[in-house]
Ligand SMILES: [Zn+2]
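Numbering (full-length UniProt numbering), first residue to last: 1 to 430.
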């Protein structure tokens, strides 16, 4: 909605709602460029309170002072009139008309005018249920009349609490995910996992963000030079305060012992690291730790996205067993392709995949990770149709098996292959 807006911080609303009086003064801060006003101080007739927006560093909390106004309690009829005027972009055309409708003495608005905030407690219990009559309404009062101004009240809670009724927020808040590889796919996956409400997210990556990463990474240029795990930690902390973040500057292959320790209190692993070594290590370590793992990557120079779910079940093969099953049926093993490190932009392998395609794979990998923990927690509406998903990003010729996707956006779910005899990863531990 175009037009001026007044923000009422939650603590300000709380003081007004609990006020023993029916009128008082208010002060503002203003951001004229945004046509925006925030109520920065309320006086309830007895005492005054500073009011700030969350978070404390919100720029409006330090904006220029924007003068003084007043607030008063009014009958709900005035807010019905406010609603009708706002809807029609109309205004009260004389100062006296407005003056007669409010139960306080209004001073001459002079040439500059002032804001009146009206509070209609009955709007919350109004019989006019078909129209959204506001509890708080704003009026810009001048000698020419009074113009309705929209007031938005900051709710007590924002974020995941808003969707608690529709999304298993509490179950996901208990989940710890270890994300291995915070590159272009992993960065997008990290953001998605936090968005789904994963309670604890461990970010593991030994590399730094460099300029050549920027074309595809979710992190902006200001993080160049930092460790990707640390940068992602900082990036997500602002947007997802409900997710506890940990940064680990570790390589899953080189620091396998340390990762084994982390797995002890990790619920699920998501591996978005490229390179055969990292993926095989994740497959082995998570299997031996009896933890499910999800592996996300792109194949065929960015032509196909692939997400494999590895569950430590007796009839589910590990990564190697499942790749071997493909080879046994005459499908080429796509794994060595990953060794070429598509993301490094070396002479051998130019950077072919576009950032948003990698982010799409990261988002899907996060979705599959979350679905896996939700299914395990008894949310059977999150069951997946198979154990491996391939998705076409750009059609590639010459690929077979689950990889012969002829169309962009084509998806294919394939079932799991069982463990091979003698596999040291799949062998049941004693
Ligand atoms: Zn195996």
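The beta-carbon is built from N, C-alpha and C at its ideal position, and this holds for glycine as well.
Assigned secondary structure, residue i (DSSP; H/G/I helix, E/B strand, else coil)
i           : result
residue 375 : helix
residue 318 : coil
residue 348 : Note that residue 348 scores 41 on pLDDT, short of 50, meaning its location in the model is unreliable; the coordinates nonetheless yield the value given after this. Coil at residue 348, not helix or strand.
residue 267 : coil
residue 248 : strand
residue 152 : strand
residue 343 : The predicted position of residue 343 is uncertain, since its pLDDT is 48 and thus under 50; a value taken from the coordinates is nonetheless stated next. DSSP places residue 343 in coil when its eight states are reduced to three.
residue 426 : coil
residue 12  : helix
residue 6   : strand
residue 400 : coil
residue 193 : helix
residue 417 : coil
residue 133 : coil
residue 243 : coil
residue 180 : strand
residue 200 : strand
residue 227 : strand
residue 208 : strand
residue 82  : helix
residue 104 : coil
residue 385 : coil
residue 258 : helix
residue 165 : coil
residue 171 : helix
residue 353 : coil
Selection from the options that minimises the alpha carbon distance to residue i
i           : options            : result
residue 26  : 12, 314, 270, 34   : 12
residue 397 : 406, 297, 391, 141 : 406
residue 418 : 148, 167, 57, 325  : 325
residue 335 : 273, 376, 288, 68  : 273
residue 392 : 415, 299, 308      : 299
residue 158 : 384, 269, 215, 242 : 242
residue 68  : 361, 46, 140       : 140
residue 180 : 280, 132, 107      : 280
residue 453 : 216, 329, 316, 10  : Any property of residue 453 remains undetermined from this structure, which presents the chain solely from 1 to 430.
residue 98  : 87, 358, 79        : 79
residue 191 : 41, 367, 377       : 367
residue 236 : 302, 188, 145, 184 : 188
residue 145 : 355, 374, 95, 49   : 95
residue 356 : 316, 277, 249, 216 : 216
residue 395 : 369, 223, 377, 353 : 353
residue 66  : 48, 35, 53         : 35
residue 14  : 29, 121, 426, 62   : 121
residue 49  : 303, 19, 100       : 19
residue 201 : 268, 420, 59       : 268
residue 389 : 375, 412, 408, 284 : 412
residue 54  : 131, 154, 41       : 154
residue 259 : 238, 285, 277      : 285
residue 219 : 182, 178, 22, 103  : 182
Cβ-heavy atom distance, residue i to ligand 1, below 6 Å
i           : result
residue 320 : yes
residue 425 : yes
residue 422 : no
residue 419 : yes
residue 398 : no
residue 317 : yes
Beta-ladder partner(s) of residue i, from DSSP
i           : result
residue 92  : 146
residue 41  : 27, 50
residue 18  : None; residue 18 has no bridge partner.
residue 64  : 30
residue 296 : 307
residue 141 : 114, 146
residue 411 : 391
residue 71  : 24, 117
residue 36  : 5, 31
Beta carbon proximity, residue i to chain D, threshold 7 Å
i           : result
residue 292 : Given the protein chain composition of this structure (a single chain), no chain D is represented.
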